[in-house]
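**Student:** Residue numbers (my numbering), protein chains in the order written: chain A, 12 to 375; chain B, 3 to 274.
Here is the structure:
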């Protein structure tokens, strides 16, 4: 490891008065970051109940406190969480005091989660139809059969929300209530930088050039706001004498941010072309497996939560959902945080689970 | 100097060290004569020049680790085709290993990449100078007071705001977006071209090519899907009693099982 070296000679005199203090803070923060490097992520107990290809469906075990109401819980409609393909889902269960999953379990809900795994070269031809119909669809059907129920509640997050919208539009009867978090519907809003950047990508070349490494996609996301995301957040650690727990929280998030799975070439190329370039979802021209995805066909209750300060999914991209759905029971809500703050900030951890739980309770 | 934009791996201590070092470099610029030092006449142009220079250098060093589509575009560094070829991994291939016509295509793509990289570099200069100008304008209004750590951190926040604003203004421009896409497309085309060379070579050695392996995977995927559908259908339907054996204890065991067992046994029988 390269040692930190600060050339403080330039700050001689009055301007350099704080340099010894700053140097100490840097050394202290660095030591504590190293201590925190091995933090664990994911806190709730779960078991794998179904798998297909690299996809695994997990069922979370009830919390001890919630287990008292076990009969009630098993009768409740299951809730399936469908996360994005481009990130790992454990951010929803990062640590006990910031876990959407834990809050849902605590409310007595029966929670399932899809982990898409790591596509390898064998999966480079996986397409969106595979993901929607066979992977997500397989998870839904497994839950319905194993629980002996005819429908479940679906919670889609970010790109997983897009997949969930597609699935719900194609399989209306299987989804009772739909919750979407930071889910884009209109990919051509003027403030969508990601969309502008990929608008003229040659998706055929993307398809041919093979799976895209997670690190590469990470680079893309960091490039949206490079100074804040690669510099400022670290320097801010010097601003106060935060305790070790705060630093551990920071490292947990870092671990998640830099732990992105590779993307199957064909599915990614389709996603870029159909959604980002051609905006098919909102235009009503999207077809999956030969069937048209009509958002107006979604007539079940929908709760759409989006971040007001989102640099990846601008709020307008998500709020557009209201205009397209056939549902008469639509609740849209902008939360005053950023994209990642929706899953991991203190505000997100407090507000989002409460909204989801109370909304679902009103729609048994 | 390291920065996490260059390496998107989980190394929080390394990323922190890089950011802290850059912070010290910025402080060095902030403390230039005229940048708030007591008694000196403010020389904002010197400060702006220093900040812009540092910033442009950082942007240039970061660009090679930008989005996946620019990651392969090493020629901009001046290292030439060798670096570009090396960025595709340990392939014992390259323009030299391909037939003349194919090699020419690769060389053309490398040249195109270098040209696009140079165009991109001009944008980094634009962003850096605009950010520095924004900063000195705002700093001029906020200058004064004894230098403290909190003050330095506030100055840093101001600098980051200026940098992000300038960056956002430039990278949203249509020409910039088009350039990014062209860079990505040229990069991907070069990668595909290299893979095509590899396909030719492995065929010559009688090895399975990527396309052939993909075709096998596609068949496997189809079979796996069919199997999953059959399994689901079987699980969804309760087992039907066999008509021929109904009333003779049928239903205790699915009628198809013995037949399947017989087939399995036959399959395991060693051939004479």
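Cβ coordinates follow ideal geometry from the N, Cα and C atoms, glycine included.
In this structure, does DSSP put residue 93 of chain A in helix, strand or coil?
**Tutor:** Sequence index remark: in the first chain, residue 93 of chain A carries index 82 (1-based). In this structure, residue 93 of chain A counts as strand in the three-state DSSP scheme.
**Student:** Quick one: grab the DSSP three-state call for residue 339 of chain A.
**Tutor:** To locate residue 339 of chain A, count along the first chain from 1; it is residue 328. Three-state result, residue 339 of chain A: coil.
**Student:** With burial defined as no fewer than 16 other Cβ atoms inside 10 Å of the residue's Cβ, what is the status of residue 324 of chain A: buried or exposed?
**Tutor:** Working through the first chain from its first residue, we reach residue 324 of chain A at position 313. By the neighbour-count rule (16 or more Cβ atoms within 10 Å), residue 324 of chain A is buried.
**Student:** Which residue from A:123, A:307, A:99 and A:349 puts its Cα closest to that of residue 335 of chain A?
**Tutor:** Taking the first chain and counting its residues from 1, the one referred to as residue 335 of chain A is at position 324. Ranking A:123, A:307, A:99 and A:349 by Cα distance to residue 335 of chain A puts A:307 first.
**Student:** Thinking C-beta only, is residue 53 of chain B closer than 8 Å to residue 134 of chain B?
**Tutor:** Translated into positions along the second chain, residue 134 of chain B becomes position 132. Translated into positions along the second chain, residue 53 of chain B becomes position 51. Taking 8 Å as the Cβ cut-off, residue 134 of chain B and residue 53 of chain B qualify as a contacting pair.
**Student:** Strictly below 7 Å CB to CB, what residues from chain B border residue 266 of chain A?
**Tutor:** Taking the first residue of the first chain as 1, we reach residue 266 of chain A at position 255. The contacting residues are 12.
**Student:** Under 8 Å, Cβ to Cβ, is there at least one residue of chain A near residue 24 of chain B?
**Tutor:** Sequence index remark: in the second chain, residue 24 of chain B carries index 22 (1-based). Yes, contact with chain A.
**Student:** Let me know the secondary structure DSSP gives residue 61 of chain A once reduced to three states.
**Tutor:** Taking the first residue of the first chain as 1, we reach residue 61 of chain A at position 50. Three-state result, residue 61 of chain A: strand.
**Student:** Relative to chain B, which residues along the region 136-152 of chain A have a C-beta separation below 8 Å, given in chain order?
**Tutor:** Within the region 136-152 of chain A, the qualifying residues are 136, 137, 141, 145, 149 and 152.
**Student:** Say whether chain A places a C-beta atom closer than 8 Å to the C-beta of residue 18 of chain B.
**Tutor:** As a working note, residue 18 of chain B is residue 16 in the second chain. Chain A, which has a Cβ nearer than 8 Å to the Cβ of residue 18 of chain B, makes this yes.
**Student:** Less than 8 Å between the CB atoms is what I'm expecting for residue 293 of chain A and residue 318 of chain A, so what's the real figure, rounded?
**Tutor:** Locating residue 293 of chain A in the first chain gives position 282, where the first residue counts as 1. Locating residue 318 of chain A in the first chain gives position 307, where the first residue counts as 1. Contact flag wrong, Cβ pair sits at about 19 Å.
**Student:** Residue 165 of chain A to residue 190 of chain A, Cα distance in whole Å?
**Tutor:** In the first chain, residue 165 of chain A corresponds to position 154, counting from 1. In the first chain, residue 190 of chain A corresponds to position 179, counting from 1. Whole-angstrom Cα-Cα distance: 6 Å.
**Student:** Strictly below 7 Å CB to CB, what residues from chain A border residue 193 of chain B?
**Tutor:** Along the second chain, one-based indexing puts residue 193 of chain B at 191. 220, listed in chain order.
**Student:** Going by CA-CA distance only, name the one from A:133, A:125, A:158 and A:368 that's closest to residue 143 of chain A.
**Tutor:** Numbered from 1 along the first chain, position 132 holds the residue referred to as residue 143 of chain A. Considering only alpha carbons, the answer is A:125.
**Student:** Got a sec: is the Cβ-Cβ distance from residue 250 of chain A to anything in chain B below 8 Å?
**Tutor:** Residue mapping note: residue 250 of chain A aligns to position 239 of the first chain, counting from 1. Judged by the 8 Å Cβ criterion, residue 250 of chain A is in contact with chain B.
**Student:** Would residue 138 of chain B pass as a contact of residue 243 of chain A if the rule is Cβ separation under 8 Å?
**Tutor:** Stepping through the second chain from its first residue, residue 138 of chain B is reached at position 136. Stepping through the first chain from its first residue, residue 243 of chain A is reached at position 232. No; because the gap between Cβ atoms is not below 8 Å, this pair is not in contact.
**Student:** In angstroms, rounded to a whole number, what distance separates the CA positions of residue 57 of chain A and residue 71 of chain A?
**Tutor:** Reading the first chain from its first residue, position 46 is the one you call residue 57 of chain A. Reading the first chain from its first residue, position 60 is the one you call residue 71 of chain A. Computed Cα separation, rounded: 4 Å.
**Student:** Please check if any C-beta of chain A sits within less than 8 Å of the C-beta of residue 154 of chain B.
**Tutor:** Sequence index remark: in the second chain, residue 154 of chain B carries index 152 (1-based). Yes, contact with chain A.
**Student:** How would you list, in chain order, the residues of chain B whose beta-carbon sits under 7 Å from the beta-carbon of residue 28 of chain A?
**Tutor:** As a first step, residue 28 of chain A must be located in the first chain, where it is residue number 17. Result: 149.
**Student:** Scan the region 174-253 of chain A and note each continuous alpha helix (DSSP H) run of 4 residues or more that stays entirely inside, going in chain order.
**Tutor:** As far as the region 174-253 of chain A is concerned, its whole alpha helix (DSSP H) runs of at least 4 residues are 204-209, 214-219 and 225-233.
**Student:** Taking the straight line between their C-alpha atoms, what separation do you get for residue 352 of chain A and residue 47 of chain B?
**Tutor:** By 1-based counting over the first chain, the position of residue 352 of chain A is 341. By 1-based counting over the second chain, the position of residue 47 of chain B is 45. Taking the straight line joining both Cα atoms gives about 39 Å.
**Student:** Quick one, are the C-beta atoms of residue 269 of chain A and residue 11 of chain B less than 8 Å apart?
**Tutor:** For the purposes of this step, residue 269 of chain A is taken as the residue at position 258 of the first chain. For the purposes of this step, residue 11 of chain B is taken as the residue at position 9 of the second chain. Taking 8 Å as the Cβ cut-off, residue 269 of chain A and residue 11 of chain B qualify as a contacting pair.
**Student:** With DSSP as the reference, label residue 125 of chain A as helix, strand or coil.
**Tutor:** For the purposes of this step, residue 125 of chain A is taken as the residue at position 114 of the first chain. Strand at residue 125 of chain A.
**Student:** For residue 211 of chain A, would you say it is in contact with chain B, using Cβ-to-Cβ distances shorter than 8 Å as the test?
**Tutor:** By one-based count along the first chain, residue 211 of chain A stands at place 200. Yes, residue 211 of chain A lies at the interface with chain B (some Cβ there is under 8 Å from its Cβ).
**Student:** Closer than 7 Å between beta carbons: that is the criterion. Which residues of the region 269-292 of chain A meet it against chain B?
**Tutor:** So the close ones are 269 and 270.
**Student:** Between residue 121 of chain B and residue 131 of chain B, what straight-line distance do the alpha-carbon atoms span, to the nearest angstrom?
**Tutor:** Reading the second chain from its first residue, position 119 is the one you call residue 121 of chain B. Reading the second chain from its first residue, position 129 is the one you call residue 131 of chain B. The straight-line gap from Cα to Cα measures roughly 16 Å.
**Student:** Is it true that the CB of residue 135 of chain A sits closer than 8 Å to the CB of residue 221 of chain A?
**Tutor:** Translated into positions along the first chain, residue 221 of chain A becomes position 210. Translated into positions along the first chain, residue 135 of chain A becomes position 124. Result yes, Cβ atoms of residue 221 of chain A and residue 135 of chain A sit closer than 8 Å.
**Student:** Tell me the DSSP secondary structure of residue 296 of chain A in three-state form.
**Tutor:** As a first step, residue 296 of chain A is located in the first chain; it is residue number 285 there, counting from the start. Note: residue 296 of chain A maps to coil in three-state DSSP.
**Student:** Determine whether the beta carbon atoms of residue 180 of chain A and residue 309 of chain A lie at a separation below 8 Å.
**Tutor:** The residue given as residue 180 of chain A occupies position 169 in the first chain. The residue given as residue 309 of chain A occupies position 298 in the first chain. It is a contact, given that the beta carbons lie within the stated cut-off.
**Student:** In the DSSP assignment, the alpha helix (DSSP H) including residue 228 of chain B goes from what residue to what residue?
**Tutor:** To locate residue 228 of chain B, count along the second chain from 1; it is residue 226. Residue 228 of chain B -> alpha helix (DSSP H) spans 212-238.
**Student:** Give a yes or no on whether the minimum CB-CB distance between residue 62 of chain B and chain A is below 8 Å.
**Tutor:** Counting from 1 along the second chain, the entry for residue 62 of chain B is found at position 60. So, not an interface residue.
**Student:** Looking at the structure shown, is residue 161 of chain A part of a helix, part of a strand, or coil, going by DSSP?
**Tutor:** Here residue 161 of chain A refers to the residue found at position 150 when the first chain is read from its first residue. Here residue 161 of chain A sits in coil by DSSP.
**Student:** Closer than 8 Å by C-beta to residue 94 of chain B: which residues in its own chain qualify, once you throw out the five before and the five after it? Chain order, please.
**Tutor:** Here the question's residue 94 of chain B lines up with position 92 in the second chain. Residue placement at residue 94 of chain B cannot be trusted, given a pLDDT of 41 that sits under 50; the coordinates are not used to answer.
**Student:** Taking contact to mean 3 or more Cβ pairs, one atom from each stretch, closer than 8 Å, check whether the region 192-206 of chain B and the region 222-230 of chain A are in contact.
**Tutor:** Too few Cβ pairs lie closer than 8 Å, so no.
**Student:** To the nearest angstrom, how far is the alpha carbon of residue 126 of chain B from that of residue 182 of chain B?
**Tutor:** Numbered from its first residue, the second chain carries residue 126 of chain B at position 124. Numbered from its first residue, the second chain carries residue 182 of chain B at position 180. About 13 Å.
**Student:** Count the other CB atoms within 10 Å of the CB of residue 262 of chain A; is the residue buried (16 or more) or exposed (fewer)?
**Tutor:** Numbered from 1 along the first chain, position 251 holds the residue referred to as residue 262 of chain A. By the neighbour-count rule (16 or more Cβ atoms within 10 Å), residue 262 of chain A is buried.
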